[in-house]
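Under full-length UniProt numbering, the first residue of the sequence shown carries the number 1, and numbering increases by one thereafter. The structure appears right after this line, and notes come after that.
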Amino acid sequence: GMLRHRDPPVFSGIDVQDVEDWLSSYERVSTHNNWVDVLKLNNVIFYLTQVAKLWYANHEANITTWATFKAHFADVFGHPAVRKLRAEHCLHGRAQQSGETFTSYIEDVLDLCHRVSSLMPESDKVRHILKCIHEGAFQMLLVKEPRTVADVITLCQSY
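Dropping the structure here:
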């Protein structure tokens, strides 16, 4: 049967919503809906409100491709420096909570690492994960000396 059409989230441009997260989500839904770039651009107006919608209405004439939209939109509504600082702050204080699974903790740390730098070296990611993982797991990992995130995940699954 036909896959049900999905709606992307709405972006307003006035709250703390992250523009990169929103674009990524919009792209994912577009793929599900089989929207090619022309359709992504034609449909985007329906998922913008308030300042974001006003901005698009004012600049629509100059935005002729989806790539152009994404670039300008991220420039106007993205705050890469703020995003990076917020991620660094979260990463600095991120510890595995009691009762939190290794998967939940590791994936969250990896997301923060990516927000700090999409080019962060594997060794730094491993260091960030190990920094505040549960004490027992930390001792085990210290002995095993994992080199990659994949190694850490495998070791934690068998812990």
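Backbone N, C-alpha and C define an ideal beta-carbon position, used for all residues, glycine too. From a predicted model like this one, the values you see are computed outputs, not experimental measurements.
query                                                                                              : result
Inter-stretch contact at 8 Å, needing at least 3 Cβ pairs: the stretch 61–74 / the stretch 122–141 : no
Pair within 8 Å by beta-carbon distance, residue 119 and residue 90                                : no
Bridge partner(s) assigned by DSSP for residue 48                                                  : 11
Cutoff 8 Å; reference residue 67; Cβ partners in own chain excluding five residues on either side  : 37
Neighbour-count burial assignment, residue 30, 16 or more Cβ in a 10 Å radius                      : buried
Cβ-based burial, residue 84 [other Cβ within 10 Å; buried from 16]                                 : exposed
Inter-residue CB distance, residue 164 and residue 51 (contact presumed, cutoff 8 Å)               : Summary: the structure shown does not reach residue 164, with the chain confined to residues 1 through 159, and so no result is reported for it.
Cβ neighbour criterion (16 or more within 10 Å) applied to residue 87                              : buried
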